[in-house]
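Here is the structure we will look at.
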Amino acid sequence: MKISCLLIVFLCQSAVAAIPTPLPSPSVTASVSPAATITQSVTELSAQRAAAERSKIYRTGAAYGRWLDQVAKNSGSTFLQRAIFDRVTWVRLLSCVVALALLSLLTGWFVGIVRQHAGEIESTRYQSWLALSAAAIRKPVALFIWMCCGTFALLPIAAGIVSRPTRIFWARALTAILYAGWIIALLWLVFRAIRAVEKRMRLWAERTRSLPGKIIVPIVGHSLRLSVPLLGIILLLPLLKVPENWAWVTQKGVGILFIVTLSFLIVHGINAMQAALLSRQRLDLPDNLSARRIYTQVSVIRKIIITAVVIIATGSVLMLFDPVRQFGTSILASAGIAGIVIGFAAQRTLGNVLAGIQIALTQPLLIDDIVFVEGEFGQIEEITLTYVTVRTWDLRRMILPITYFVEKPFQNWSRVSTDLLGAVVLYLDYQAPIGELRKELKRLVENNPNWDTKVCGLQVTDIKQTAIEVRALVSASNPGRVFDLRCEVREGLIEFLCRSHPESLPRQRNVSQPPEEGIQHARKSKSALAAQGKEHERGPTAPGIHAEPDNDGAGS
450 MKISCLLIVF
460 LCQSAVAAIP
470 TPLPSPSVTA
480 SVSPAATITQ
490 SVTELSAQRA
500 AAERSKIYRT
510 GAAYGRWLDQ
520 VAKNSGSTFL
530 QRAIFDRVTW
540 VRLLSCVVAL
550 ALLSLLTGWF
560 VGIVRQHAGE
570 IESTRYQSWL
580 ALSAAAIRKP
590 VALFIWMCCG
600 TFALLPIAAG
610 IVSRPTRIFW
620 ARALTAILYA
630 GWIIALLWLV
640 FRAIRAVEKR
650 MRLWAERTRS
660 LPGKIIVPIV
670 GHSLRLSVPL
680 LGIILLLPLL
690 KVPENWAWVT
700 QKGVGILFIV
710 TLSFLIVHGI
720 NAMQAALLSR
730 QRLDLPDNLS
740 ARRIYTQVSV
750 IRKIIITAVV
760 IIATGSVLML
770 FDPVRQFGTS
780 ILASAGIAGI
790 VIGFAAQRTL
800 GNVLAGIQIA
810 LTQPLLIDDI
820 VFVEGEFGQI
830 EEITLTYVTV
840 RTWDLRRMIL
850 PITYFVEKPF
860 QNWSRVSTDL
870 LGAVVLYLDY
880 QAPIGELRKE
890 LKRLVENNPN
900 WDTKVCGLQV
910 TDIKQTAIEV
920 RALVSASNPG
930 RVFDLRCEVR
940 EGLIEFLCRS
950 HPESLPRQRN
960 VSQPPEEGIQ
970 HARKSKSALA
980 AQGKEHERGP
990 TAPGIHAEPD
1000 NDGAGS
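Under my numbering, the final residue of the sequence shown carries the number 1005; numbering is consecutive throughout.
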């Protein structure tokens, strides 16, 4: 009952302290606000209550110390009755040490027994509600026992101090430790109970696989886990006896902590919603167009909301301070030329943000899209509000401003569908067997897992001066498979030609005339050369004179 009353008093005091006090006007400087009156009343009530508790604790310690001194006196031991300082005797010190040792053994035994039978909260095995509750309360109960019994063990020593300032200090310190221990143990118990409930809710969400469960469970769990420490800080602040000149700092600190906690909860809720929405979308499937659309929209919208939350949280923190609030009000009131200058200065940044929103809505490109941009072939890896990351085929990263994809043309190879056609071009001799090449192409793609069974054809698309152009057309489910299929088809066709039809490969011919005409021309050339040789042997003759043969051995 005492703890409940004290907690209610602390909550009222913290709530009243969190109420912003309006600035006093010059005409009413002597008036006292109702909030200040309530705060003063609650503070006086808390001080009176704490003084009463301190006196009760001190009287209990004094009675316990006198009983220990009487036990030492009855035993007749002068060592136990000997004083160490003031009225602190050896019997009081030894009783404190023995009590703390027994307390350590007791709490250790309690924690070990509960751990053995109930396990840990983080355990992956199934736990009943009873075992989960025991695992949750194990450590807070041990802390509560330590605080209560430890304070009681130290009471005889505190009551044996005679000097008034030191005695008051010890009385206040033990009271603060006792109350702080109670509050910390209670908050720790609530915190661990929340973790236990969150674990059971998480197991339920995984078992049912429902979308609301995947969204609500993380949000509720983190909200409760963050609100409990914040509540503990609010409850422990009155025990710290903060001076009045530091009260303003503590109030602003609690306000900032509240804003930051709330912002973190919103951001975590957005992340949990994104994870739940994208958990059913698979990007590793061949036909992942719908998944990539949802992934792009959710990721861009998440970044927009988080940016807005950060801006609002920063503004809220700054508005807690009066000078900044007045400065912001004056800026808003005197907008005009300053607003125009700021608008021109932020035009490019705002343009990038608007371009990011436009891409999220119109979706000219998506996550994992295959694009050809700036002479590079790559894949969209990340889309932010200001830039886009393209992963090239050799694993380089190309960073482009997001306005580039709004203002300039680019090739998107997977805009509507990931299905693509791949062409393999070969230059062959005129004698190449086109029919056999078609059969070989069909055989190659039928045994290839990259082919999607849709398109397979081979045609002569052009005639060159020394060769013909043959194009093989195949299809696959995505650009990566198209590239692999093209390479394998090209290798297979070249290997087939080299093995079965090597004469079909490109070659140069030196025949300049048809064969029959060449033979006749050669015969005529040979006859002409023979006639010219005979005339050269006879030598030149005069007209009308015939040469007589030379008769060897004839006389005149």
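Virtual Cβ for every residue (Gly too), placed ideally from N, Cα, C.
Between the Cα of residue i and those of the options, spot the shortest distance and give me the residue it belongs to.
i: Gly630; options: Phe640, Trp595 and Phe601; result: Trp595
i: Ser748; options: Ala607, Val758, Val759 and Gly805; result: Gly805
i: Gln807; options: Gly827, Met768, Leu844 and Glu856; result: Glu856
i: Asp535; options: Phe593, Pro605 and Thr600; result: Pro605
i: Asp843; options: Leu849, Val909 and Gly827; result: Gly827
i: Val709; options: Arg751, Ala881 and Ser676; result: Ser676
i: Ala642; options: Ile626, Arg651 and Arg674; result: Arg674
i: Ser553; options: Val759, Tyr744 and Cys597; result: Cys597
i: Asn899; options: Leu934, Lys752, Gln530 and Cys905; result: Leu934
i: Ala809; options: Glu940, Thr835, Gly599 and Glu823; result: Thr835
i: Pro850; options: Val865, Thr833 and Arg840; result: Thr833
i: Val931; options: Ile753, Ala532, Asp901 and Ile943; result: Asp901
i: Lys888; options: Lys522, Phe713, Asp878 and Gln908; result: Gln908
i: Pro951; options: Arg892, Leu877 and Arg649; result: Leu877
i: Val894; options: Val938, Ser765 and Gln880; result: Val938
i: Asn897; options: Cys936, Glu885 and Gln914; result: Cys936
i: Phe601; options: Met650, Leu890, Gly764 and Ser544; result: Ser544
i: Gly885; options: Leu652, Thr841 and Ile943; result: Reading off the sequence, residue 885 comes out as Glu, not Gly. That would be Ile943, whose Cα lies nearest to the Cα of Glu885.
i: Glu918; options: Phe640, Val698, Ser953 and Lys891; result: Ser953
i: Lys752; options: Ala584, Val716, Val766 and Arg729; result: Val716
Per DSSP, what kind of secondary structure is residue i in: helix, strand or coil?
i: Ala521; result: helix
i: Ser866; result: coil
i: Thr811; result: helix
i: Pro898; result: coil
i: Ala844; result: The sequence shown places Leu at residue 844, not Ala. Leu844 falls in the coil class under three-state DSSP.
i: Glu831; result: strand
i: Thr852; result: coil
i: Leu922; result: strand
i: Phe859; result: coil
i: Lys888; result: helix
i: Asp933; result: helix
i: Ile816; result: coil
i: Gly871; result: strand
i: Gln530; result: helix
i: Lys903; result: strand
i: Asp878; result: coil
i: Gln700; result: helix
i: Gln565; result: helix
i: Thr838; result: strand
i: Glu1007; result: Nothing about residue 1007 can be reported from this structure: the residues present for the chain run from 450 to 1005 only.
i: Thr556; result: helix
i: Thr910; result: strand
Please return the same chain residues whose Cβ sits closer than 8 Å to the Cβ of residue i, not counting the five positions on each side in sequence.
i: Arg587; result: Phe559, Val560, Val563, Arg564 and Ala567
i: Val547; result: none
i: Lys701; result: Leu769 and Phe770
i: Leu472; result: Bear in mind that a pLDDT of 38 at Leu472, under 50, signals an unreliable position, so the number given afterwards is only what the model happens to contain. The answer, listed in chain order, is Asp771.
i: Pro955; result: Tyr876, Leu877, Asp878, Thr915 and Ala916
i: Leu517; result: Thr538, Val540, Arg541, Ser544 and Pro605
i: Ile705; result: Val766 and Leu769
i: Thr478; result: Only weak support is given to the placement of Thr478: the predicted model assigns it a pLDDT of 36, under 50, and the value that follows is read from those uncertain coordinates. Answer for Thr478: no residue qualifies.
Assign residue i to one of two classes, buried (16 or more other C-beta atoms within 10 Å of its C-beta) or exposed (fewer than that).
i: Gly557; result: exposed
i: Val520; result: exposed
i: Leu870; result: exposed
i: Asp911; result: exposed
i: Cys947; result: exposed
i: Glu831; result: exposed
i: Gly510; result: buried
i: His995; result: The predicted model places His995 with a pLDDT of 41, which falls under 50 and marks its position as unreliable, so this point remains unresolved.
i: Ile883; result: exposed
i: Arg1009; result: This structure leaves residue 1009 out entirely; the chain is present only between 450 and 1005.
i: Val759; result: exposed
i: Arg741; result: buried
i: Phe854; result: buried
Which residues in the same chain have their Cβ closer than 6 Å to the Cβ of residue i, if we skip the five residues on either side of it in sequence?
i: Leu592; result: Ala634
i: Ile780; result: Confidence is the limiting factor: at Ile780 the pLDDT is only 45, short of 50, which leaves the residue's position unreliable, though a coordinate-based value still follows. Correct list: empty, nothing qualifies.
i: Gly906; result: Leu922
i: Val822; result: Phe859
i: Val874; result: Arg920
Which same chain residues, not among the five before or five after residue i, have their C-beta less than 7 Å away from its C-beta?
i: Ile819; result: Gln828, Trp862, Ser863 and Pro928
i: Leu638; result: Ile586 and Pro589
8 Å is my cut-off, CB to CB: does residue i come that close to chain D?
i: Arg536; result: Included in the structure is just one protein chain, with no chain D present.
With a threshold of 7 Å (Cβ to nearest heavy atom), would residue i be considered close to the ligand HEM?
i: Ile761; result: The ligand HEM is not among the ligands present in this structure, which contains no ligands whatsoever.
Q: Let me know the beta strand (DSSP E) ranges lying completely inside the segment 706–778, each 3 residues or longer, listed in chain order.
A: none
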